[in-house]
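Residue numbers (the UniProt record's numbering): 1 to 56. We put the beta carbon where it would ideally sit given N, CA and C, even for glycine. Written below as structure tokens is the structure these notes are about.
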Amino acid sequence: MEAAGIYGVAADLGAKALTVLTVSDHIIRGEKLSSEDRQKSFNDMMVVALETAINL
């Protein structure tokens with residue numbers, strides 16, 4: 001939902017927008033990441049996002 005809002009505002013302003021999303025749990029399968037794995041994947045996602053922003 002938040003991504004839709006970001007894209008809507010960007011479209012209204014004629015700006016570019018990008019979201020980076022991470023998924024930690026699978027509701028249907030009941031699979032969940034441990035808190036350690038979730039933190040590591042979040043940190044990895046942030047590194048990718050920041051490196052991408054730097055290179056834009």
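Residue i and residue j closer than 8 Å at C-beta
i: SER41; j: THR19; result: no
Selection from the options that minimises the alpha carbon distance to residue i
i: ALA17; options: ALA4, ILE28, HIS26 and VAL48; result: ALA4
i: LEU35; options: SER24, ARG29 and ASP44; result: Per the sequence presented here, residue 35 reads as Ser, with Leu not at that position. If we check each option's Cα against that of SER35, SER24 comes out closest.
Cβ-heavy atom distance, residue i to the ligand SAM, below 7 Å
i: SER24; result: The ligand content of the structure shown is nil, which means the ligand SAM is not present either.
Strand pairing of residue i, partner residues [DSSP]
i: GLU31; result: HIS26
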